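To keep things clear, I will list the structure first and then write my remarks on it.
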Amino acid sequence: MQRTLKKYVPIFVAPTGIAFTIAFLLPFLIGIYLSFSTFTTITDAEWVGLENYQRVFEENQGFTSSFQFTILIVIVAIISVNVFAFTIARLLTQKLKGTNFFRSVFFMPNLIGGIVLGYTWQSMINAVLANYGTTIISRWEYGFVGLILLINWQQVGYMMIIYIAGLQAVPPELTEAAEIDGATRWQSLRHVTIPVIMPTITICVFLTLSNSFKMFDQNLALTNGAPQGKTEMVALNIVNTMFARMGQEGVGQAKAVVFVIIVVVIAFLQLRATRSREVEA
């Protein structure tokens, strides 16, 4: 039976493989080539070697400062999103009335597009700051807080659903045994529940990390990098370099390649760190 199925594997894999090659692999390889070139279109690319990569880290490019701001956003987002999502998931896995309703309510913001969320939160925050005679783009701290609020509003509900699935998979007999042994709720949570759901935590931390790093449309709508590029995240910096600065398309592509490499390395280290806890658990 297995031999028969193996004969048909290429037939079922081929459509996905072709789509992956056309939509991801080929553009990625072409992008790497273009990062070593100057171009306005793919057909007029001229090889310049490492020149674009040398320009990436020049002060006037703003890549380093935008990356530092992005790292700050990612760190705070990972902590806040997962703490809130886990807390809400714990509450909604208790025997309370209306849990399905609240699950739907918390998940709904994830269905709203990033541009809509960005402008919505910009309007709300500016309405509050107007009482103090200022706006969200007057200080970078306001933009930072606004982005964190927006990320939590959008991602907490999605992570909550994943945490609920993980919590429901915890064997009841383990928590019951801990209670019989005299463990407090905190001790039961720390030594029983969290070790069991470490695979769930790994997934949620990875998704929060990747989503926060890739964030573009929310950043564009909320602050567009103002004031003076201090709230510009890396994705927005790359797009601005590619499409708003004449003759710097190659530099923008080099930034994209550097960004991909850094994010892949960080994601790999995060997965390795959290998976090691799974083994220990």
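Numbers in the working numbering are just positions in the sequence shown, counted from 1, shifted up by 1. Using N, Cα and C, we set each Cβ at its ideal position, and we do this for glycine too. Predicted model only: the values in this text are computed from it and were never measured.
Could you please give the first and the last residue of the uninterrupted alpha helix (DSSP H) stretch that includes residue i?
{"i": "Q169", "result": "W141 to Q169"}
{"i": "G119", "result": "G115 to L130"}
{"i": "I137", "result": "Here I137 belongs to no alpha helix (DSSP H), and DSSP marks it neither H nor E."}
{"i": "D218", "result": "D218 to L223"}
{"i": "P200", "result": "M199 to K215"}
{"i": "T71", "result": "F64 to L93"}
{"i": "R186", "result": "R186 to S189"}
Take residue i and list the residues in its own chain whose beta-carbon comes closer than 6 Å to its own, dropping the five residues that flank it on each side.
{"i": "A282", "result": "Low per-residue confidence applies at A282: pLDDT is 46, beneath 50, and the placement is therefore not dependable, though the value from the model is reported in the following sentence. Closer than 6 Å at Cβ, skipping near neighbours: P196 and M199."}
{"i": "L130", "result": "T136"}
Ordered along the chain, which non-local residues of its own chain (more than five positions away) have a Cβ less than 7 Å from that of residue i?
{"i": "V280", "result": "No answer about V280 holds up, because its pLDDT of 48 lies below 50 and its placement is not dependable."}
{"i": "F85", "result": "N153 and V157"}
{"i": "T217", "result": "Residue identity differs from the one stated: residue 217 is Phe in this sequence, not Thr. The residues are A236, L237 and V240."}
{"i": "A268", "result": "F207, L210 and S211"}
{"i": "R287", "result": "With the chain running from 2 to 282 in the structure shown, residue 287 is simply not present."}
{"i": "V57", "result": "F64, V252, A255, K256 and V259"}
{"i": "V261", "result": "none"}
How close, in whole Å, do the beta carbons of residue i and residue j come, if the pair is a contact with beta carbons under 8 Å?
{"i": "K215", "j": "F64", "result": "So it is not a contact: roughly 16 Å between Cβ atoms."}
{"i": "M234", "j": "N220", "result": "5 Å"}
{"i": "L118", "j": "Q95", "result": "Not quite, the Cβ-Cβ distance comes to about 29 Å (not below 8 Å), so this is no contact."}
{"i": "G147", "j": "L223", "result": "6 Å"}
{"i": "T304", "j": "F29", "result": "Look at the range of the chain in this structure, 2 to 282, and you will see that residue 304 is not part of it."}
Among residues of its own chain, excluding the 5 on either side of residue i, which ones have a beta-carbon nearer than 8 Å to its beta-carbon?
{"i": "L35", "result": "I43, A46, E250, G251 and Q254"}
{"i": "G114", "result": "D218"}
{"i": "I79", "result": "V206, T209, L210 and S213"}
{"i": "I74", "result": "F145, L148, I149, I152, S213, M216 and M234"}
Next item on the list: Count the CB pairs spanning the region 115-124 and the region 39-56 that are closer than 8 Å, and state whether there are at least three.
Entry: With a cut-off of 8 Å, the region 39-56 and the region 115-124 do not count as touching, because too few Cβ pairs lie within range.
Margin query: As an exercise, report each continuous alpha helix (DSSP H) stretch of at least 4 residues that is fully enclosed by the region 7-49, in chain order.
Written below: 27-35
Notebook entry, point to check: Can you list the alpha helix (DSSP H) stretches of 4 or more residues lying completely in the region 225-255, in chain order?
Noted result: 235-245
Next item on the list: Would you be able to state if there are at least three C-beta pairs under 8 Å between the region 162-179 and the region 135-153?
Entry: no
Notebook entry, point to check: Would the region 98-108 and the region 167-184 be scored as touching if the rule is three or more Cβ pairs under 8 Å?
Noted result: no
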